[in-house]
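Student: The opening residue of the sequence shown carries number 14 in this note's numbering; numbering runs sequentially from there.
This structure is in structure tokens; I'll ask about it shortly.
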Amino acid sequence: MTGLTACVTLLAPRAAARFGPRVPIAVGQFLIVVGLLALAVSVALQAPVLLLALLTIPVGFGSALAIPTTTALLVGSVPTDRAGAASGVLNTCRQLGGALAVAVFGALVAHPERFCPGHATQSRHCCSAAARHHRGQPATPWKRCSRMTAWTADELSRIGTADELRLTSSRKDGTQGKPVTIWVVRAGDNLYARAFKGRSSPWFRGTQVRHQGHIQAGGVRKDVELLDPEPSVADALDAEYRSKYRRHGSPHVDPMVSPQAREATLK
Numbered sequence: 014m015t016g017l018t019a020c021v022t023l024l025a026p027r028a029a030a031r032f033g034p035r036v037p038i039a040v041g042q043f044l045i046v047v048g049l050l051a052l053a054v055s056v057a058l059q060a061p062v063l064l065l066a067l068l069t070i071p072v073g074f075g076s077a078l079a080i081p082t083t084t085a086l087l088v089g090s091v092p093t094d095r096a097g098a099a100s101g102v103l104n105t106c107r108q109l110g111g112a113l114a115v116a117v118f119g120a121l122v123a124h125p126e127r128f129c130p131g132h133a134t135q136s137r138h139c140c141s142a143a144a145r146h147h148r149g150q151p152a153t154p155w156k157r158c159s160r161m162t163a164w165t166a167d168e169l170s171r172i173g174t175a176d177e178l179r180l181t182s183s184r185k186d187g188t189q190g191k192p193v194t195i196w197v198v199r200a201g202d203n204l205y206a207r208a209f210k211g212r213s214s215p216w217f218r219g220t221q222v223r224h225q226g227h228i229q230a231g232g233v234r235k236d237v238e239l240l241d242p243e244p245s246v247a248d249a250l251d252a253e254y255r256s257k258y259r260r261h262g263s264p265h266v267d268p269m270v271s272p273q274a275r276e277a278t279l280k
């Protein structure tokens, strides 16, 4: 990408002289957007590293077209004695914007628990939806997505073996509701919880407002989406509840595997 940028930069002034500055700026910005969107889709598809590297080419090509032309346009629009200041302002703003974007979105993806509930998971769902559209598949609404959040093996193990989970649901205005302590079981690569009083349980109704919340269990804190599970996992969850919590006895376990509890299951 660096080599391509160096070569295309030499062609940008010629393109601006022939077609006017708007054309290389517009084409350059378009290539940058297309390249970055393609990278996002490829990451969601878990594409090979080589493909990701190749997709940086349009980003570099577009940058080499747009940035020099923009700089020349800005510098040329001010008096000669202020050209240096104009160039400095442009580059400072460009670099500041890039640094802030990397810092903010890098932290958002790496540490979603420090941000508002659901923002990080929604960002990932955007990429996944774009990937499904690219493959010609219908986009799945977030609420019905088959994946609650990106769990690591360590998080699954620690939360899955924890006796209890502390759940705080998001209210309609995005603020946090009252926390509730519930049982949690693991089945495969997902975590599940049930309301033994069924869908009329106050805490379960709270999860249906935004389908987002924050959990704490086993030393893990994480923002999650609260989704409806696949009906096919109901029997497996019954077995997990009986196995994990059998020491509490039937009076406590049986309500968790009752029909009304099965209807009030979250993933």
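Where is the CB? At the ideal position from N, CA and C, for every residue including glycine.
Under three-state DSSP, which class holds T194?
Tutor: Of the three classes helix, strand and coil, the one that applies to T194 here is strand, per DSSP.
Student: What does V261 pair with, by DSSP beta-bridge criteria?
Tutor: Here the sequence assigns His to residue 261, which means Val is not the residue at that position. H261 is not bridged to any residue.
Student: What does a CB cutoff of less than 8 Å around R157 pick up in its chain, not counting 5 residues either side in sequence?
Tutor: Any reading at R157 must be qualified, since the residue scores a pLDDT of 39, below 50, and its modelled position is unreliable; the value itself is stated next. Once the five neighbours on either side are set aside, the close Cβ partners of R157 are L240, D241.
Student: Any chance the region 193 to 200 sits against the region 241 to 258, with 3 or more Cβ pairs inside 8 Å?
Tutor: Yes, they touch.
Student: Considering only residues of the same chain and omitting the five flanking positions on each side of T91, which have a CB-CB separation below 7 Å?
Tutor: Residue 91 is actually Val in this sequence, not Thr. Closer than 7 Å at Cβ, skipping near neighbours: A99.
Student: Count the other C-beta atoms from every protein chain shown that fall within 10 angstroms of the C-beta of E238, then say buried if there are 16 or more, exposed otherwise.
Tutor: Counting Cβ neighbours within 10 Å, E238 comes out buried, since at least 16 surround it.
Student: In chain order, which alpha helix (DSSP H) runs of at least 4 residues are fully inside the region 199 to 235?
Tutor: Within the region 199 to 235, the complete alpha helix (DSSP H) runs of at least 4 residues are 215 to 223.
Student: For the candidate residues S213, A252, H265, T165, whose alpha-carbon lies nearest to that of E276?
Tutor: For the residues S213, A252, H265, T165, the minimum Cα distance to E276 belongs to S213.
Student: Under 8 Å by Cβ, that's how I've got A79 and G41 pegged, so tell me the actual separation to the nearest angstrom.
Tutor: About 3 Å separates the two Cβ atoms, so the contact holds.
Student: In the DSSP assignment, what residue or residues form a beta bridge with S182?
Tutor: DSSP lists G226 as partners of S182.
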